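Written below as structure tokens is the structure these notes are about.
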Amino acid sequence: MASLCGCSSQQKPPEFKVNTLELYLSRASFSGRDFEQYKIIDDDLFFECGVVKRGRHQVKDETFTKLSAAALTDLPALVWKLAQACDELKYPFEEPGQSRNMFDPGQVSFSAELPDQKLMVKTSLDSLIDPSNRARAALFELIALVRSFPQDPPCGSTQFYGLPRAAAKP
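So the sequence shown is residues 5 to 174, counted in our numbering.
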């Protein structure tokens with residue numbers, strides 16, 4: 005089985021907002037398993053990053069903030085772009101890794117809830133670094149946007165194993 009990419013509706017509301025969004029990134033490193041986690045509910049963002057050791061999340065940085073008007077405008081467009089790409093491709097994503105060793109491809113877990121649709125993707129982090137289809141490219145772009153929401157780079161890093169932050173808008 006290829007990775008999960010599910011959409012329960014193909015109809016785009018004329019105007020919509022993302023009600024909830026969750027993004028979890030992880031990759032094994034020398035110090036344990038690095039992670040970043042983002043949760044958006046309405047216009048609130050909760051973010052944390054750090055290392056997982058012996059099954060426990062050791063948080064190095066966390067933020068709770070309101071999303072900007074620009075973020076609230078850009079986010080639905082990119083979520084919709086991903087949903088459309090998922091609908092058009094049969095198996096657009098690879099299986100996620102387990103983030104257990106240095107050669108593991110890492111994990112990306114993404115979910116978003118729109119007014120009439122829920123979108124879920126689980127895939128490997130490495131498969132997004134050089135996207136080979138529209139769904140992977142859309143998820144890469146969406147992750148870059150979400151990673152740019154905290155004012156400071158997550159845990160001081162502008163990239164998470166090749167996943168960048170989107171450039172700030174003037």
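Yeah, the Cβ is synthetic: ideal placement off N, Cα and C, and Gly gets one too. These numbers were taken from a predicted model, which means no experiment stands behind them.
Assigned exposure category for residue i - 16 Cβ within 10 Å defines buried
i	result
Glu-19	exposed
Gln-41	buried
Gln-155	exposed
Arg-37	buried
Arg-104	exposed
Beta-carbon spacing of residue i, residue j below 9 Å
i	j	result
Pro-168	Arg-151	yes
Phe-68	Cys-53	no
Glu-117	Thr-24	yes
Glu-183	Ser-128	A query on residue 183 cannot be resolved here, the shown segment of the chain reaching from 5 to 174 and no further.
Ala-75	Leu-149	yes
Gln-102	Lys-126	no
Leu-86	Leu-49	no
Asp-130	Gly-166	yes
Arg-31	Phe-164	yes
Residue i Cβ short of 8 Å to the ligand MG heavy atom set
i	result
Leu-167	With respect to the ligand MG, the structure offers nothing, as it holds no ligand at all.
From the options, residue whose alpha carbon lies closest to that of residue i
i	options	result
Leu-22	Leu-123, Phe-164, Ala-170 and Glu-99	Checking the sequence shown, residue 22 turns out to be Val, not Leu. Comparing Cα-Cα distances from Val-22 to each of Leu-123, Phe-164, Ala-170 and Glu-99, the minimum goes to Leu-123.
Leu-82	Gly-59, Asn-105, Tyr-165 and Ser-115	Ser-115
Self-check item: Three or more C-beta pairs below 8 Å linking the segment 58 to 72 and the segment 89 to 100
Solution: no
Practice problem: Could you tell me which uninterrupted beta strand (DSSP E) segments, each at least 3 residues in length, are contained entirely in the segment 46 to 105, listed from first to last along the chain? | Solution: 48 to 57 and 60 to 70
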